[in-house]
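> Residue numbers (the numbering used here): 38 to 239.
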């Protein structure tokens, strides 16, 4: 490897690396309180298997619609990921997949906790003619969480996202993101549960 590439960080599209992205996302979220409740009673191994399967399908959809990106370290391994959707295009153009993403069971019969509350806000924005980008997932590999280069690449990516998009929405259950959001501007952050928040920049 050339010396100039030794510490190189690169932004990639995740379309060809769905399994790797899903495995990393499941690892990042497997012990989160929100997902422990969502997959209550399952072993960690089984929980991660189910999460990987579902996330891979979701990231695949996002990748097909130019909404799945990752940060690779110099060794080529995925160090961070982020995937998102055009909320209107998803809701109006792919209702089955909308139900898959935003329901507990994947078939639309049982909404995710608190989603109806978020949906009202999002529907109101659509009626106003706003374009909503919904960030479905983001995370950094445990081994890269102290790597300034990876964190800086993700921060740069999200600053550009905030600048270029009309409305940004997300739900998250990682409290560390609260301080990260605070450093990027003034946003609406609603606490929906003990360890669960809804983020909105409009």
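We put the beta carbon where it would ideally sit given N, CA and C, even for glycine. Being a predicted model, the structure only gives us computed values, none of them experimental.
Span of the alpha helix (DSSP H) holding residue 201?
185 to 201
> State the start and end residues of the unbroken beta strand (DSSP E) segment that holds residue 238.
233 to 238
> Specify whether the region 169 to 186 and the region 99 to 117 touch according to this definition: at least 3 beta carbon pairs, one from each stretch, less than 8 Å apart.
Contact between the region 169 to 186 and the region 99 to 117 is established, with three or more Cβ pairs separated by less than 8 Å.
> For residue 239 and residue 183, what's the separation of their Cα atoms in angstroms?
31 Å
> Check whether the region 66 to 77 touches the region 85 to 97, counting contact only when three or more Cβ pairs, one atom from each stretch, lie closer than 8 Å.
yes
> With a CB to CB cut of under 7 Å and the five nearest residues on each side skipped, what residues in its chain are close to residue 41?
Summary for residue 41: the model assigns pLDDT 48, below 50, so the residue's position carries little reliability, and this model does not support an answer.
> Would you tell me roughly how many angstroms separate the C-alpha atoms of residue 65 and residue 181, rounded to the nearest one?
The alpha-carbon atoms of residue 65 and residue 181 are separated by roughly 12 Å.
> Buried or exposed for residue 209, please, with buried defined as at least 16 other CB atoms from any protein chain shown within 10 angstroms of its CB.
Under this definition residue 209 is a buried residue.
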